[in-house]
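Structure, as structure tokens:
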Amino acid sequence: MENMFSLKDRIAVITGASRGIGEAIAHAFAENGAHCVLVSRKIEGLEGVVADIKKAGGSAEAIACNVGDIDQIDSLVAKIKEKFGKLDIIVNNAATNPYFGPMDGIDEVRWDKTFAVNLKGPFFLIQRSIDLLAASGKASVINVSSINGKRPAPMQGTYSITKAALISMTQGLAKELGSKNIRVNALLPGLTKTKFSAALMENDDIVTEVYKAIPLGRHAVPEEMSGAALYLASDASSFTTGTCLTCDGGALA
Ligand SMILES: NC(=O)c1ccc[n+]([C@@H]2O[C@H](COP(=O)([O-])OP(=O)(O)OC[C@H]3O[C@@H](n4cnc5c(N)ncnc54)[C@H](OP(=O)(O)O)[C@@H]3O)[C@@H](O)[C@H]2O)c1
């Protein structure tokens, strides 16, 4: 019997793959046989990751796409259709958080950007890929939400709203797409050391308080999200859809 975590012959699109959690997931998927299409706004950031994956014996390519722009999503999906004719895995991982502060201070521009990248982009990448995902026969979509989608974080209220909506979107699409053998799940990381969390982690007072609320008493490194993503992407989770897999050191317990 084939290894149930194998991604051999699967095509995986991973957004936000130039660093952090997306990069770690891309390495794990490539190590397990997937061809990884790495996406972020800047091609230069992706090229090093592609080179590292190839050096390790894996298969990957880079496509620049701002997921907050539907025309760019359409162009990404058109390239995948032309080259592969199917899509097995989407990891909607790219996100932004341009505003840190109480919600009553956010302006419309930053509100719209947060929703465009964190919610609209993931939705339309899935919507425009439905025929390609259906052609897989065993497609898996992973929406990278956050524990803040379940418990809004102070000073990150608007970001938290988008992550909560992503969980709702995951559940709704799981119901609608199950008949096409497209599974849709959410991964909810807790505090993970990346560029995204750098501002918070560099503040000793905040981070000490945050660690107190995490039963494991520490932050994660991006590689600690890879096993959960591999589980959700592979046949190991073949009867799992519409769920949230939380990797947070126990913070939500
Ligand atoms: N780190 C944490 O503590 C934590 C906790 C919970 C959830 N998360 C979630 O985990 C995911 C990954 O976060 P991370 O910490 O790994 O962040 P990160 O290290 O800052 O990486 C973000 C990635 O997203 C890309 N990106 C940003 N805006 C984009 C856009 N408009 N279009 C396409 N790509 C874009 C970035 O590349 P470019 O700049 O080249 O576009 C980069 O590859 C996010 O969904 C985040 O909300 C993180």
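Its first residue numbered 1, the sequence shown is counted upward by one per residue in our numbering.
Glycine included, every Cβ here is placed at the ideal spot set by N, Cα and C.
The model shown is predicted, which means the values in this text are computed figures rather than measured ones.
Where the alpha helix (DSSP H) through residue i begins and ends
i	result
ILE53	43-55
GLU23	20-31
THR170	157-177
GLY129	Looking at the sequence provided, one finds Ser at residue 129 rather than Gly. 121-134 is the span of the alpha helix (DSSP H), which, as asked, contains SER129.
THR208	204-212
Cutoff 6 Å; reference residue i; Cβ partners in own chain excluding five residues on either side
i	result
ARG183	SER140, THR241
ALA94	THR15, GLY16, VAL67
ALA116	GLY68
THR257	Residue 257 is absent from the structure shown; the chain starts at 1 and stops at 253.
GLY101	MET155
PHE239	none
VAL207	MET201
Continuous beta strand (DSSP E) stretch holding residue i: start and end
i	result
LEU38	35-40
ALA62	59-64
LEU187	182-189
ILE80	Unbroken run through ILE80 is the alpha helix (DSSP H), 70-84; no beta strand (DSSP E).
LEU7	Careful: LEU7 lies outside any beta strand (DSSP E) and carries neither H nor E.
VAL117	That residue, VAL117, is in no beta strand (DSSP E); it is neither H nor E in DSSP.
SER140	139-144
Beta-carbon proximity check, residue i vs residue j, cutoff 8 Å
i	j	result
ALA62	GLU82	no
ILE147	LEU188	yes
LYS86	ASN118	no
SER136	ASP74	no
ASP248	GLY190	yes
LYS193	MET201	yes
ILE53	CYS36	yes
ILE80	ALA64	no
ALA30	ALA78	no
Whole-angstrom C-beta distance between residue j and residue i, which should lie under 8 Å
i	j	result
LEU38	ALA26	6 Å
LYS180	ALA134	4 Å
VAL91	ALA12	7 Å
ALA28	LEU230	5 Å
Neighbourhood of residue i by C-beta, 7 Å cutoff - its chain only, sequence neighbours within 5 removed
i	result
LEU173	ILE126, VAL184
ARG218	TYR211, GLY249
LEU252	ILE147, LYS150, ARG151, THR246
Beta-carbon proximity list for residue i, same chain, < 8 Å, skipping 5 on both sides
i	result
SER6	ASN32, GLY33, SER234, ASP235
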